[in-house]
Amino acid sequence: MAPIPDSPRSAISASRPPVRSGDVHAARGRDVRDDTEVTKSAELAESMAGTGIAESTEGTAEVLGGEVHLAYARRAASGVVAVAAGFTPRGARARAETRATALDALYAIPGSLSGPDDDVRELGLADFMPEPPADIEARVAGIGLLSGDSYALPAGIVWLGDRDGRVEPTTVGVPDDGEDGAIADLLAHDMVTRWWASPRTPLLRVSEHLPRLIPEGAAAAASLLGLRVSAFLLPGPDFQIAVAGVSGDGATIAAAAARTARAAVGEAFLRAIAARAQPWSTLPVADSLRRLTVWHRESDYLAYLEWSALEVDPTAVEAMGVGAASPSWAEIATRRFGHEPVLVTAFGHAVKVVCPGAACYRTAPPGTPLPCPVP
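In the UniProt record's numbering, the protein residues as written are 1 to 375.
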């Protein structure tokens with residue numbers, strides 16, 4: 001069951017979003033992206049007060065003995081629901097609000113049928129995917145995050161909902177932690193999707209070292225509640241990729257990118273926890289199953305990864321990415337994909353980051369399932 005207002009600290013909801021709650025006690029926690037207290041997302045959410053697209057409904061709840069906080073935001077007009085997890089209630093609320101605002105705008109964003117101006121760089125579906133479907137004329141405006149150039153993007157890459165975009169809609173790149181977080185989301189899904197289709201290098205298994213990588217109390221509470229938390233790493237030169245799974249009465253899997261291994265594992269863990277709290281009926285099958293966000297009742301995937309991954313020394317894990325001078329997230333994405341990320345805004349809010357070359361744009365309707373290395 002979902003947590004109820006002013007209830008004792010509870011386990012994780014697996015069927016409904018957390019309901020409206022009273023005051024939530026402050027809890028120990030760090031932002032999982034840079035190990036500092038969450039401020040950027042909270043400030044962004046506060047700046048949206050009074051300027052939202054539609055009336056919102058919010059709720060918060062404690063899970064895992066109060067070590068993790070779930071926040072729920074719903075936009076009344078569109079029915080958009082966003083669930084976010086954080087190690088602090090403030091951070092979780094800010095993320096849920098930011099994501100709900102972005103999703104609400106994306107469902108309403110129009111596509112212009114007029115041709116682009118001479119100083120606008122136009123991209124087509126062929127820039128985003130191999131063997132694209134026939135493009136439609138509708139375009140959405142964007143701006144390059146490195147060059148500042150104006151872009152006209154195919155609307156199907158940006159749109160969500162039931163529209164003739166001819167491209168499978170994806171929420172990858174929808175911000176809940178600013179533009180950098182959206183780029184990190186793109187990088188994580190790209191790398192893990194490509195690895196899942198062709199696992200040429202083994203994952204590094206860090207499941208036994210979770211108390212070093214997430215708050216020790218959260219790891220202990222998960223174990224006491226009968227939840228199995230699995231965590232793996234795909235190290236990179238400028239950032240780390242983590243895959244985290246939470247199993248027990250179903251399984252959820254999430255991927256995340258961050259500067260350090262510790263931050264990446266923490267972020268993936270929070271995303272997997274948030275996925276468990278989402279109402280399954282609201283998750284598009286293609287977008288959830290093929291984006292490595294949720295695999296409901298598929299614990300065999302986690303068992304396979306645990307068996308096939310390589311054990312890694314915990315001290316080496318903690319050192320991954322620490323102290324390394326890295327380029328910006330936009331520069332990392334440009335180098336990996338061969339094109340700069342493009343930011344889409346709507347109704348005064350940043351709503352999505354897209355990037356040609358990332359492995360998260362597919363022809364609709366979905367054809368074959370995501371390739372899987374499980375024999």
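We put the beta carbon where it would ideally sit given N, CA and C, even for glycine. None of these values were measured; they are calculated from a predicted model.
Simplified DSSP state of residue i, which is helix, strand or coil
| i | result |
| --- | --- |
| Ile109 | coil |
| Tyr361 | coil |
| Gly124 | coil |
| His339 | coil |
| Pro356 | coil |
| Pro175 | coil |
| Leu227 | coil |
| Ile253 | strand |
| Thr345 | strand |
| Ala134 | coil |
| Leu153 | strand |
| Leu187 | helix |
| Phe332 | The question names Phe, but residue 332 is Ile in the sequence shown. In the structure shown, Ile332 sits in a helix (DSSP, three-state: H, G or I). |
| Arg95 | helix |
| Arg139 | strand |
| Glu216 | helix |
| Gly266 | helix |
| Ala272 | helix |
| residue 403 | Residue 403 is absent from the structure shown; the chain starts at 1 and stops at 375. |
| Ala258 | strand |
Minimum C-alpha distance to residue i - residue among the options
| i | options | result |
| --- | --- | --- |
| Thr98 | Val81, Ile109 and Ala261 | Val81 |
| Ala92 | Ser78, Ser112, Ile109 and Ala61 | Ala61 |
| Ala76 | Ala85, Ser207, Leu103 and Glu216 | Leu103 |
| Ala85 | Gly124, Gln278 and Ile273 | Ile273 |
| Phe87 | Gly266, Ala364 and Pro130 | Gly266 |
| Arg335 | Pro237, Ile157 and Asp313 | Pro237 |
| Gly65 | Ala105, Asp118 and Leu225 | Leu225 |
| Asp118 | Tyr151, Ala346 and Pro110 | Tyr151 |
| Ser326 | Thr260, Leu160, Val120 and Ala94 | Thr260 |
| Ser78 | Ala71, Ile109, Gly59 and Arg121 | Ile109 |
| Pro356 | Pro341, Asp176 and Thr193 | Pro341 |
| Glu179 | Tyr361, Cys360 and Val354 | Val354 |
| Cys360 | Ala197, Glu137 and Phe232 | Ala197 |
| Ala268 | Ala251, Phe232 and Gln278 | Phe232 |
| Arg212 | Val83, Ala316 and Ala277 | Ala316 |
Close-in-space but distant-in-sequence residues of the same chain around residue i (CB under 6 Å, 5 per side omitted)
| i | result |
| --- | --- |
| Ala358 | Leu186, Asp190 and Phe337 |
| Ala188 | Ile241, Ala255, Ala256 and Ala257 |
| Leu153 | Leu123, Val140 and Gly142 |
| Gly156 | Gly165, Arg166 and Val167 |
| Ser112 | Arg139 |
For residue i: DSSP bridge partner residues
| i | result |
| --- | --- |
| Ser207 | According to DSSP, Ser207 bridges with nothing at all. |
| Gly66 | DSSP lists no partner for Gly66. |
| Phe232 | Arg205 and Val243 |
| Leu310 | Leu204 |
| Val81 | Arg74 |
Whole-number beta carbon distance between residue j and residue i, since they are thought to touch under 8 Å
| i | j | result |
| --- | --- | --- |
| Arg200 | Leu310 | Going by Cβ atoms, the distance from Arg200 to Leu310 rounds to 13 Å, so no, they are not a contact pair. |
| Leu160 | Leu106 | 5 Å |
| Ser230 | Ser207 | 5 Å |
8 Å CB neighbourhood of residue i in its chain, flanking five on each side removed
| i | result |
| --- | --- |
| Thr363 | Met129, Glu131, Pro132, Pro133, Arg166, Val167 and Glu168 |
| Pro202 | Ser308, Ala309 and Leu310 |
| Ile332 | Ile183, Leu187, Asp238, Phe239 and Ser326 |
| Ala14 | Interpretation of Ala14 is limited by its pLDDT of 33, a score under 50 that renders its predicted location unreliable; no figure is taken from the coordinates. |
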